[in-house]
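Participant: Following this message is one structure expressed as structure tokens.
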Amino acid sequence: EELQTNLENRVTERTEQLRATVEVGQEANSIRESGELITRVVNLISERLGYYYAAIFRVDTTSRWAELIDATGSVGKTLKAQNHRLEIGGRSMVGNAISKREARIALDVGSEPVRFDNPLLPQTRSEIALPLIVGDRVIGAMDVQSTQEAAFDQENINTLQGMANQVAIALENARLFIEKYDASNGKE
């Protein structure tokens, strides 16, 4: 009976992950304005998948900083108001994920040597930072934090990486759309 309950819970959790991934894909395909997309995505990750905090960063024009675009909750609002940014390749998981072009996962943040310990997020016990890659360029990172240790198993990682890939493509499409729009308006 316990085994069956456990399996049912895992199926329910996986179904919710798939639903959230589909929703992110639908949002990515329907929204041209990148700010609105990012807000919806970080809130979807937090609300649907039950994570403590989610954020999306974009590489700045100097390629030295990862600038916060949006994040969840009052902490996200505070960090946005402070123009929060992390050095690429510096002592943060986000900066490291961008510079190394691969996910950084801390199943126990207390033992993670390369991590920005944000005092506004004291309940974080595990964290994942995933690069946003388009073609051969890293354009940013998605950061997700949990109040549970070891919150990220391979299924969670795959789900979040799929979302990060969709967000990266949507951001690039929005940039190209604006670029094309600006170019066509400049010629008139």
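When the letters of the sequence shown are read in order and numbered with our numbering, they come out as residues 86 to 273. Beta carbons are placed, not taken as given, at the ideal position from N, Cα and C, and that holds for glycine. A quick note: this is a predicted structure, and the numbers were derived from the prediction, not measured.
Hey, quick one: how far does the beta strand (DSSP E) through residue 140 stretch, first residue to last?
Facilitator: By 1-based counting over the sequence shown, the position of residue 140 is 55. That run of the beta strand (DSSP E) goes 138 to 144.
Participant: Can you give the Cα-Cα distance for residue 139 and residue 159, rounded to whole angstroms?
Facilitator: Translated into positions along the sequence shown, residue 139 becomes position 54. Translated into positions along the sequence shown, residue 159 becomes position 74. Rounded to the nearest angstrom, the two C-alpha atoms are 12 Å apart.
Participant: Spatial neighbours of residue 179 within its chain, please: CB distance less than 7 Å, with the 5 preceding and 5 following residues excluded, ordered by chain position.
Facilitator: The residue you call residue 179 lines up with position 94 of the sequence shown. The answer, listed in chain order, is 142, 151, 171, 214, 226, 228.
Participant: What first and last residue would you give for the alpha helix (DSSP H) that runs through residue 194?
Facilitator: Locating residue 194 in the sequence shown gives position 109, where the first residue counts as 1. Taken as a continuous stretch (DSSP letters only), residue 194 belongs to no alpha helix (DSSP H), as it is neither H nor E.
Participant: What does residue 230 pair with, by DSSP beta-bridge criteria?
Facilitator: By 1-based counting over the sequence shown, the position of residue 230 is 145. 138, 212.
Participant: Secondary structure at residue 187, three-state DSSP: helix, strand or coil?
Facilitator: Counted from its first residue, the sequence shown places residue 187 at position 102. In the structure shown, residue 187 sits in coil (DSSP, three-state: anything other than H, G, I, E or B).
Participant: Please state if the CB of residue 234 and the CB of residue 260 are separated by a distance shorter than 8 Å.
Facilitator: Walking along the sequence shown from the start, residue 260 turns up at place 175. Walking along the sequence shown from the start, residue 234 turns up at place 149. In this structure, residue 234 does not lie closer than 8 Å to residue 260 by Cβ.
Participant: Quick check on this structure: which residue in 153, 126, 190, 149 has the alpha carbon closest to the alpha carbon of residue 174?
Facilitator: Within the sequence shown, numbered from 1, the residue matching residue 174 stands at position 89. Per the Cα distances, 149.
Participant: Should residue 248 and residue 106 be called a contact, given that it needs their Cβ atoms to be closer than 8 Å?
Facilitator: Taking the sequence shown and counting its residues from 1, the one referred to as residue 248 is at position 163. Taking the sequence shown and counting its residues from 1, the one referred to as residue 106 is at position 21. Yes; because the gap between Cβ atoms is below 8 Å, this pair is in contact.
Participant: If you draw a straight line from the alpha carbon of residue 244 to that of residue 201, how long is it in whole angstroms?
Facilitator: Residue mapping note: residue 244 aligns to position 159 of the sequence shown, counting from 1. Residue mapping note: residue 201 aligns to position 116 of the sequence shown, counting from 1. C-alpha separation (whole angstroms): 24 Å.
Participant: Beta carbon of residue 231, beta carbon of residue 137: below 8 Å?
Facilitator: Residue mapping note: residue 231 aligns to position 146 of the sequence shown, counting from 1. Residue mapping note: residue 137 aligns to position 52 of the sequence shown, counting from 1. Contact flag set, yes.
Participant: How would you label residue 237, buried or exposed, when you count the other beta carbons within 10 angstroms and need 16 or more for buried?
Facilitator: One-based indexing of the sequence shown puts residue 237 at position 152. Buried is the call here.
Participant: For residue 225, list the residues DSSP reports as bridge partners.
Facilitator: As a working note, residue 225 is residue 140 in the sequence shown. BP columns for residue 225 point to 143, 217.
Participant: What do you get for residue 191, buried or exposed, if any count of 16 or more other CB atoms within 10 angstroms of its CB means buried?
Facilitator: Position 106 of the sequence shown, counted from the first residue, corresponds to residue 191. So residue 191 counts as buried.
Participant: Look at the Cβ atom of residue 219, then the Cβ atom of residue 257, and state whether they are nearer than 8 Å.
Facilitator: Locating residue 219 in the sequence shown gives position 134, counting from the first residue. Locating residue 257 in the sequence shown gives position 172, counting from the first residue. Contact flag set, yes.
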